[in-house]
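J.: Here you go, one structure.
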Amino acid sequence: MNELPSRTGFLGSKDVLYGLIAILVIAWGTTGSGLSWEEAREGIPYMGSLVMEMIPPSFERIEPVSKAILETFQIALTGAGLGIFLSIFLAVLSAKNMTKYKSIRFFARGIVSFFRTIPDLVWAIFFVSTVGLGPFAGTLTIMIDTLGFCGRFFAEAFEEVEQEPINALEAMGANPLSIFFANVFPASFPSLINTSLFSVEKAVRSSVVLGLVGAGGIGIELKVAMDMFQYSEASTIILLIFVMVLAVEQLNMRLRRKVMSI
Amino acid sequence: MNKPDWIIEVRDLTTGYSPEVPLLKNGNLGLGAKQAHAIVGANGTGKSTLMKTMLAFVEPLGGDVLLFNESLHGKSRSKVNHLRKNIAVVWQKHNLVPRMSVLSNVIHGAFSRTNNPRVWFQGTAPEAMRKEAMDCLDRVGMGHHASRAAGRLSGGESQRVAIARALMQRPKAILADEPVASLDPKVGKEVMDLFYDLVESEGISLLYTSHNLEHAIEYSHCITALKKSGGTFEVASDQTSVKELHEIYNE
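Sequences listed follow chains A and B, in order.
So that you can map any letter, position 54 of the first sequence is 88 in our numbering, and since no number is skipped, the others follow by simple counting.
So that you can map any letter, position 33 of the second sequence is 1530 in our numbering, and since no number is skipped, the others follow by simple counting.
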């Protein structure tokens, strides 16, 4: 008879040590995160009463609020559109099968990672202090955010294209531009559309909070309403945000299903 | 050996991916005009590598390849591309751009003459080019599939479209690396019939690798067998048999 596996299976004593280290790291995290039972217990009734004050929503300022939500949507669309368009160039420069020079790829990937790793609110603050308050700062923020997202996934989509047809076109004498438009772009098209739809969804969600730092859109309305204790107005705004995000999500889901069947 | 009318000539060629383990040693081969020429050999004797070396995708370790009597040795990339223009290639599979129409794929053959952006899609291509591509499709019996997506074709249909694209290059010769290896026997025979017809009726030369010895004998004028021990053996197709080829390439 073969030897029975030990009861711990392929877990060794080293793995137990790693587990313990992980628990210790998380425990250390809690020391600076202000976890407090008291504050939570005292805060819960306030949460309840605040929510009660939000009901019923007030539709007094529905007109300026609707305008602001439309502006938010426009910021998201324009920013995402510009970002998607520019992403194609950055993705071509960072895809292995499109750009032969390692240094260029490294540089393009570096830019995309930089755009992605800096959070959008930081970009928003940066643009507000450079191009001024208002929706333009928000649009630029969404554009940079989309570049960080689509730049990476477009490059991956390009790299996933089958190599054999590329080789075949290359052997015929097609130049890199021809190979991109006649092969790589059409072959990765559904994937590009899918990523783009996701990025629009993401843009709509992040454009909501841009107003908090003055980069245009609905965020500022929400902040003012909360600061002025206009909770019933705040609830209207939250409701509208919910409707907008949900509508975009639903539409996206349907479009994605269509794209998948191409 | 040095006849002036070779389209492709391989002289004493040694090739492979590392000098320590060459796949093919001291191979010789000549592809004449209007000839169908088969290359046979056991797995690992370097059939595909020989193909790639003839097309300058793999650097020879020794010996030389001549296209239209010009040695590839030390030639610049653009000069090699220029020589290669008159030689179309049909690969084993996954040749075509899957999400484009059959007609667009065939029009891509014109990349051998121009990189005009209008060649990218059939919708933008010049009318003369669309008509020429349609004619190429008709020659391979695929005219009625022109607007289908290339990714939805069967294996045999894909190979026919790949041949149409090769014709679009207006080639002097077609090279095919195991063109029917991934097809079922009946469809494979149909595709080989089509290749052979093109040689007979249009005077295009054909050089292909195959591990099917019956095909090699039936669809060629001349066969080059790659021996296990290295070296090549050339024989006229009507003077050999499956049994003899087997013995040669196990040498």
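Ideal Cβ placement from N, Cα and C applies to all residues, glycine included.
Taking DSSP as the reference, what is the three-state secondary structure of residue 80 of chain A?
T.: In this structure, DSSP gives residue 80 of chain A a helical state, which the three-state scheme calls helix.
J.: Please list, in chain order, all residues of the same chain as residue 1623 of chain B whose beta carbon is under 8 Å from its beta carbon, the five residues on each side excluded.
T.: 1615
J.: Since residue 1586 of chain B sits in a beta bridge, which residues does DSSP pair it with?
T.: B:1672
J.: Out of A:35, A:72, A:135 and A:241, which one is the CA nearest neighbour of residue 153 of chain A?
T.: A:241
J.: Confirm, please, whether the CB-CB distance from residue 206 of chain A to residue 1605 of chain B is below 8 Å.
T.: yes
J.: Mind checking which residues open and close the alpha helix (DSSP H) that includes residue 1628 of chain B?
T.: Secondary structure note for residue 1628 of chain B: its alpha helix (DSSP H) is the uninterrupted segment 1624 to 1636.
J.: May I ask you to report which of helix, strand or coil DSSP gives residue 1733 of chain B?
T.: The answer is strand: DSSP assigns residue 1733 of chain B an E or B state.
J.: In chain A, which residues lie with their C-beta within 7 Å of the C-beta of residue 1547 of chain B?
T.: Taking the beta carbon of residue 1547 of chain B as reference, no residue of chain A falls within 7 Å; the closest one sits roughly 16 Å away.
J.: By the three-class DSSP mapping on this structure, what secondary structure does residue 1723 of chain B have?
T.: strand
J.: CB-CB under 6 Å to residue 291 of chain A, same chain, minus the five flanking residues each way: which ones, in chain order?
T.: Once the five neighbours on either side are set aside, residue 291 of chain A has no close Cβ partner at all.
J.: If contact means a Cβ-Cβ distance below 7 Å, which residues of the region 176 to 208 of chain A contact chain B?
T.: 196, 198, 199, 202, 203, 205, 206, 207 and 208
J.: Return the CA-CA distance between residue 1765 of chain B and residue 1575 of chain B, expressed in angstroms with no decimal places.
T.: What the structure shows of chain B is the stretch from 1498 to 1748, and residue 1765 of chain B is not part of that stretch, so it cannot be assessed.
J.: Find the residues of chain A that neighbour residue 1606 of chain B, judging by a C-beta separation of less than 7 Å, and give them in chain order.
T.: 206
J.: Spell out whether any CB of chain B is found under 8 Å from the CB atom of residue 131 of chain A.
T.: no
J.: On the DSSP letters alone, give me the boundaries of the beta strand (DSSP E) that residue 1508 of chain B sits inside.
T.: 1503 to 1512
J.: With three or more C-beta pairs closer than 8 Å as the rule, is the region 1650 to 1665 of chain B touching the region 1557 to 1574 of chain B?
T.: no
J.: Going by alpha carbons, who is nearest to residue 1579 of chain B out of A:204, A:251 and A:278?
T.: A:204
J.: State the Cα-Cα distance for the pair residue 1710 of chain B and residue 1590 of chain B, rounded to the nearest angstrom.
T.: 20 Å
J.: Based on Cα-Cα distance, which residue from B:1593, B:1524 and B:1628 lies nearest to residue 1730 of chain B?
T.: B:1524
J.: Check the Cβ of residue 221 of chain A against every Cβ in chain B and list those closer than 7 Å, keeping chain order.
T.: 1594, 1595 and 1596
J.: Can you tell me whether residue 1534 of chain B is buried or exposed? The criterion is at least 16 other CB atoms within 10 Å of its CB, across all chains shown.
T.: buried
J.: Going by DSSP in three states, residue 1708 of chain B sits in which element: helix, strand or coil?
T.: coil
J.: Please confirm if the region 1618 to 1637 of chain B is in contact with the region 1595 to 1602 of chain B, defined as three or more CB-CB distances below 8 Å between the two stretches.
T.: yes
J.: Enumerate in chain order the residues of its own chain whose CB-to-CB distance from residue 9 of chain A is below 6 Å, with the five nearest sequence positions on each side excluded.
T.: With chain A covering only 35 through 296, there is no way to say anything about residue 9 of chain A.
J.: Tell me whether the beta-carbon of residue 279 of chain A lies closer than 8 Å to the beta-carbon of residue 234 of chain A.
T.: no
J.: Tell me, which residues are paired with residue 1534 of chain B by DSSP?
T.: Answer is B:1704 and B:1719.
J.: Where do the N-terminal and C-terminal ends of the alpha helix (DSSP H) with residue 236 of chain A fall, by residue?
T.: 219 to 244
J.: Out of B:1672, B:1679 and B:1549, state which residue places its alpha-carbon closest to the alpha-carbon of residue 1692 of chain B.
T.: With distances taken between Cα atoms, residue 1692 of chain B lies closest to B:1672.
J.: Which partner residues does residue 1545 of chain B have in the DSSP bridge list?
T.: Residue 1545 of chain B pairs with nothing; no bridge assigned.
J.: One question on the structure: do residue 1513 of chain B and residue 1546 of chain B come within less than 8 Å of each other, judged by their Cβ atoms?
T.: Yes, these two residues count as a Cβ contact at 8 Å.
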